Amino acid sequence: MPISGDHALSRRALLAGTAASGVLMTLAEARAQGITPKSGGTLTSLLTPEPAILVPGVNNQAPTLIASSKIFQGLLDYSMALEPRPVLAKSWSLSDDKLSYTFKLQEGVTFHDGKPFTADDVIFSIMKFHFDLAPRARSVFQKIKQATAPDPLTVVFTLDSPFEPFLLMFHATAAAIMPKHLYEGTDFRNNPNNQKPIGTGPFQFVEWQRGGFIRLKKYDGYWKKGQPYLDEIVYRIVPDSQSRALAMETGQVLMSGASDIEPFDVPRFQQKPNLEIETKGWECFAPLMWIELNHRVKPLGDVKVRKAISMAIDRDFILRRLWFGVGKVATSPIASTTLFYDPASKLAAHDVRAANILLDEAGYKADSSGVRFKLRHLTLPYGEIWARLAEYLRATFKQIGIELTLESTDTGGWASRVSAWDYDTTINFLYQFGDPTLGVERTYVSTNIQKVVFTNTGGYTNPEVDKAFAAGRNGATAAERKTAFATAQSLLIADMAQIWIQEMSFPTIHDKKARNLIQFGSGIHACYDDVFLA
Amino acid sequence: MSFLHAFTRNRGAVLGLIILALVALMAATASVVFPFSPWDMQGAPFAHPGEEGFLLGSDSLGRDVAAGIAHGAYVSLLIGAVSTLVGLAIGVSLGAIAGYAGGLMDDAIMRVTEIFQTVPSFILAVVLVAIFRPSLASIVAAIAIVSWPPVTRVVRAEFLTLRNREFVQAAEVLGRSRFAIIVHEILPNALSPIIVLASLMVASAVLLESALSFLGLGDPNLMSWGFMIGSGRSVIRLAWWMSVFPGLAIFLTVLALNLVGDGLADALNPRLSRRR
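Right, here's the structure in full:
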């Protein structure tokens, strides 16, 4: 869940047929502000935790994807509104029957070993490499009936049925283009090139001192003339959070992102005049956090109990006091930056009195010590802030007569207990990948009730919701899908299927002289060929 | 009488005893003075000491630090006392058997004791608590398991010297059972070092529990001083009082226990106390 980070995408550009160049726009913007990109310099960044390897697909955890997205590129990137932007694909179009996607590729692209990039690399990467390695890629790419290359710079994917979120799957974090000549016919996971990754990106791998740093340098043969602007990118690995904050403070590193800096350290960076804090750049992932209730445990199967719990939670307090304002209060099971979010959706306001009345009406009487019933809470073992959240929930549940006993585990223990359905309540957060079919459906449909973590482990079932998500998945037009997902949202909110708390975002803190770091919905996962130091 | 006299002559020990009595009083009256759970959010988060009716300030969720310290005193003393009793029970029985029986039995027990002594005790405690899931029982058990070996060694040494004394030989000749000899003849004479050791064990148990809680291995449902320091650590620049006051509480309690231990050692050692 939180660590896995494939990515997301959009439909709007499809309608447009071809999209304007995102890169040109950023340049134009930069010039409009009177800043001409300058070549040279080294961008130093934190990276936490140390990645296992630098090849996407072989490993899809967050740190791998952040660093490898500079070495490898996908066909597309996405704007903050999730519209596709050209990267290795120059343009794209969709046939009238909505089955065939045609990608025209950029000319003059070479891999870091000098070999040219062609349509064969694209087909190999999509149909073999990521298909074999990544379950998420497989679940979408298995819809491809046929993949052909009419010429070396054109790829055509024909689907078995229309699938609107298809275009959202082509970011470097979901389907990076791999060199076919180095990987074909090998064991992808143990290919020797994994130690010295070779892609088409603006930066090539130089050295990796384990536990110390990863150094990338400018690729001179990069396909955009005059780019990248930076000479080097160095990722520093610092295991202790306080040392990371200190490195940022003293200017030893120019940027931090994802979970490098803990939320409680963010306020002290707000006062630094040379630093800028941005929370945009997570639209492609849009992680949403909720209290996950196990519907099999009495009385959590009762909608009135779930509603009472929802009303007892002060989401604003959690956001301000625990996350220091980094994030956004949830208003729906779909994050507001995800496509098809219904702006009309709203959760019942914080009202402890009303929550108590609701429980009284539902017949849950309090005993002499004010306890209606007892539940266990499996604390998410991701560090301090999650322990604080669990303590907040215990205090809050007590106000409505629910006694919550906290249980601690380690990361592995958490995953195994959640996947065994052995919990009453816990906290969970999942990437939504920009489209409800890709990232929301899995938590609520009855067909995905599995003893596997990050499925519908809560055991929520509602045939109407199943129908709505199916209509959304199969809908051929955006309008059809919009109606379906609006229905799904209102049904889920009426049922309070889970207790959604917060749309999470991660601060990107950087020195003001580093420009263009966050320009896409993929944020720090962009290829950084236009980043420069002013 | 002469014991009391000797003990009160050590001013440090008396001071320690007073502090300890105050901490015990605080623990006993916690639920009267602060008649709510220390986990309850009582007001604005991050209130400075003295503000908003919080004597020692409030933490990141608006919980009362003073209430946490008072309720935490109970938990710390309880864990300190119970785990020491358990540790003593294990250590004294094994030490007595080893010292009295001698021979193979002695060898076997001492080798096992040495195994425990070669493992760093804090690491062993962390591992035990992690394996058995953090709870009051598992923490008491872990602390007891890492703290019995020194007791065994001390008790064995005492028994080795005492078991050849004439009064023991006399008891053997009179036909008293081994159990009676151990419990009624030797043990009372070996009590002084055990009592001194016990007071220091309580101190180290309080420290161990705090360290475990600090690392997040405390019972998540019990307020404890170590937990308070651990949870305040990350915001120490924002709210120093969250860590400082529980830190002071641990410091004073452990210091008091050590002073009392020293006083007991002096008072129970006839030669030393006379020299003063």
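Here the protein sequences line up with chains X and H, keeping their order.
Taken in order, the first sequence gives residues 1 to 534; the numbers are from our numbering.
Taken in order, the second sequence gives residues 1001 to 1276; the numbers are from our numbering.
For glycine and all other residues, C-beta sits at the position ideal for the given N, C-alpha and C.
Since the model is a prediction, treat every value here as computed from it, not as a measurement.
Contact check, X/D511 vs X/N274, beta carbons under 8 Å: As a working note, residue 511 of chain X is residue 511 in the first sequence. As a working note, residue 274 of chain X is residue 274 in the first sequence. Their beta carbons are under 8 Å apart, which means X/D511 touches X/N274 by this criterion.
Chain H contact for X/S408 (CB, 8 Å cutoff): Taking the first sequence and counting its residues from 1, one reaches residue 408 of chain X at position 408. For X/S408, the answer is yes, since a Cβ of chain H falls inside 8 Å of its Cβ.
Beta-carbon proximity check, X/D121 vs X/K180, cutoff 8 Å: Here residue 121 of chain X corresponds to residue number 121 of the first sequence, with the count starting at 1. Here residue 180 of chain X corresponds to residue number 180 of the first sequence, with the count starting at 1. Their beta carbons are under 8 Å apart, which means X/D121 touches X/K180 by this criterion.
Chain-ordered neighbours of X/E292 on chain H, where CB pairs are closer than 7 Å: Within the first sequence, the letter at position 292 stands for residue 292 of chain X. Near X/E292 there are no residues of chain H at all, since even the closest Cβ is about 18 Å away, more than 7 Å.
Own chain residues within Cβ distance below 8 Å of X/G22, not counting five before or after: Translated into the one-based positions of the first sequence, residue 22 of chain X becomes position 22. Because the pLDDT of X/G22 is 41, which lies under 50, any placement of that residue in the model is unreliable, and the question is left without a value.
Helix, strand or coil at X/Y183 according to DSSP, with G and I counted as helix: Counting from one through the first sequence, the residue named residue 183 of chain X turns up at place 183. Reduced to three states, the DSSP call for X/Y183 is helix.
Interface positions of the stretch 377 to 392 of chain X facing chain H (Cβ-Cβ less than 8 Å), listed along the chain: T379, E384, A387, R388, A390, E391 and Y392
Whole-angstrom distance between X/I402 and X/K374, CA atom to CA atom: Residue numbering aside, residue 374 of chain X sits at position 374 when the first sequence is read from its first letter. Residue numbering aside, residue 402 of chain X sits at position 402 when the first sequence is read from its first letter. Distance from the CA of X/K374 to the CA of X/I402, rounded to the nearest whole angstrom, comes to 6 Å.
Interface flag, X/F264 vs chain H, CB-CB below 8 Å: In the first sequence, the residue the question calls residue 264 of chain X occupies position 264. It does: the Cβ of X/F264 has a partner Cβ on chain H nearer than 8 Å.
Rounded separation between X/K451 and X/T443 - CA only: Taking the first residue of the first sequence as position 1, residue 451 of chain X is located at position 451. Taking the first residue of the first sequence as position 1, residue 443 of chain X is located at position 443. Whole-angstrom Cα-Cα distance: 12 Å.
Interface partners of X/T405 on chain H, CB under 8 Å: As a position in the first sequence, residue 405 of chain X is number 405, starting the count at 1. Those within 8 Å of X/T405 in chain H are N1221.
Classification of X/A20 by the beta-carbon crowding that lies within 10 angstroms, buried from 16 upward: Position 20 of the first sequence, counted from the first residue, corresponds to residue 20 of chain X. Residue confidence for X/A20 is low, a pLDDT of 40 falling below 50, so the modelled location carries little weight and cannot support an answer.
Min CB distance X/R268 to chain H below 8 Å: Here residue 268 of chain X is taken as the residue at index 268 of the first sequence, counted from 1. Interface residue, yes.
Rounded C-alpha distance that separates X/P162 from X/I357: The residue given as residue 162 of chain X occupies position 162 in the first sequence. The residue given as residue 357 of chain X occupies position 357 in the first sequence. Each residue's Cα considered, the two are about 48 Å apart.
Closest by C-alpha distance to H/L1056, when choosing among H/L1255, H/G1261 and H/W1241: Here residue 1056 of chain H refers to the residue found at position 56 when the second sequence is read from its first residue. It is H/W1241 whose Cα lies nearest to the Cα of H/L1056.
Separation of H/A1142 from H/F1116, as counted between CA atoms: Here the question's residue 1116 of chain H lines up with position 116 in the second sequence. Here the question's residue 1142 of chain H lines up with position 142 in the second sequence. When rounded, the distance between both Cα atoms is 12 Å.
Candidates X/A478, X/T477, X/I493 and X/A476, of which the one nearest X/E464 by Cα: Position 464 of the first sequence holds residue 464 of chain X. Of the listed residues, the one whose Cα sits closest to X/E464 is X/I493.
Same chain, Cβ closer than 6 Å to X/F469, five either side skipped, listed in chain order: On the first sequence, residue 469 of chain X is found 469 positions in, with the first residue counted as 1. So the qualifying residues of the chain are E441, V445 and A488.
Spatial distance of X/S93 from X/H171 (CA atoms): Numbered from 1 along the first sequence, position 93 holds the residue referred to as residue 93 of chain X. Numbered from 1 along the first sequence, position 171 holds the residue referred to as residue 171 of chain X. About 17 Å.
X/Q399 (DSSP reduced to helix, strand or coil): Stepping through the first sequence from its first residue, residue 399 of chain X is reached at position 399. X/Q399 falls in the helix class under three-state DSSP.
Where the stretch 465 to 487 of chain X meets chain H: residues whose CB sits under 7 Å from a CB there: none
Residue of X/T186, X/Q227, X/K307 and X/G439 minimising C-alpha distance to X/K38: Within the first sequence, the letter at position 38 stands for residue 38 of chain X. Minimum Cα distance to X/K38 is reached at X/Q227.
With 16 other Cβ atoms within 10 Å as the buried cut-off, status of H/H1048: The residue given as residue 1048 of chain H occupies position 48 in the second sequence. With fewer than 16 Cβ atoms within 10 Å of its Cβ, H/H1048 is classed as exposed.
Short CB-CB distance (under 8 Å) between H/M1110 and chain X: What you label residue 1110 of chain H is simply residue 110 of the second sequence in a count that begins at 1. With respect to chain X, the C-beta atom of H/M1110 has no partner C-beta closer than 8 Å.
Segments of 4+ residues assigned as alpha helix (DSSP H) that fall wholly inside the stretch 1110 to 1155 of chain H: Fully enclosed alpha helix (DSSP H) runs of 4 or longer: 1121 to 1131.
Where H/M1105 falls, given that 16 or more other Cβ within 10 Å makes a residue buried: In the second sequence, counting from the first residue as 1, residue 1105 of chain H sits at position 105. Looking at its Cβ environment, which holds fewer than 16 other Cβ atoms inside 10 Å, H/M1105 is exposed.
Under 8 Å between C-beta atoms of X/A335 and X/L288: By 1-based counting over the first sequence, the position of residue 335 of chain X is 335. By 1-based counting over the first sequence, the position of residue 288 of chain X is 288. Taking 8 Å as the Cβ cut-off, X/A335 and X/L288 qualify as a contacting pair.
X/Y431 (DSSP reduced to helix, strand or coil): Translated into the one-based positions of the first sequence, residue 431 of chain X becomes position 431. In the structure shown, X/Y431 sits in coil (DSSP, three-state: anything other than H, G, I, E or B).
Beta-carbon proximity of H/A1265 to H/F1007, cut-off 8 Å: As a working note, residue 1265 of chain H is residue 265 in the second sequence. As a working note, residue 1007 of chain H is residue 7 in the second sequence. Not a contact, by the Cβ cut-off of 8 Å.
Sub-8 Å separation of X/I237 and X/G201 beta-carbons: Locating residue 237 of chain X in the first sequence gives position 237, where the first residue counts as 1. Locating residue 201 of chain X in the first sequence gives position 201, where the first residue counts as 1. Against a cut-off of 8 Å, the Cβ pair of X/G201 and X/I237 comes out as no contact.
Distance between H/A1030 and X/I394 (C-alpha atoms, nearest Å): Here the question's residue 394 of chain X lines up with position 394 in the first sequence. Here the question's residue 1030 of chain H lines up with position 30 in the second sequence. Residue 394 of chain X is actually Arg in this sequence, not Ile. X/R394 and H/A1030: Cα-Cα distance of roughly 21 Å.
Own chain, CB closer than 7 Å to X/A348, minus 5 neighbours either side, in chain order: One-based indexing of the first sequence puts residue 348 of chain X at position 348. Excluding residues within five positions, the ones whose Cβ falls inside 7 Å are K307, S310 and M311.
Secondary structure of X/M25, DSSP reduced to three states: Residue mapping note: residue 25 of chain X aligns to position 25 of the first sequence, counting from 1. Its pLDDT being 49, under 50, X/M25 is placed unreliably in this model, and the value from its coordinates should be taken loosely. X/M25 falls in the helix class under three-state DSSP.
H/S1231 versus H/E1172: straight-line alpha-carbon distance, rounded: As a position in the second sequence, residue 1231 of chain H is number 231, starting the count at 1. As a position in the second sequence, residue 1172 of chain H is number 172, starting the count at 1. Roughly 58 Å between the two C-alpha positions.
Within-8 Å CB hit, X/R321 to chain H: Position 321 of the first sequence, counted from the first residue, corresponds to residue 321 of chain X. At least one chain H Cβ lies under 8 Å of X/R321.
Short CB-CB distance (under 8 Å) between H/V1202 and chain X: Locating residue 1202 of chain H in the second sequence gives position 202, counting from the first residue. False, the Cβ-Cβ gap to chain X never drops below 8 Å.
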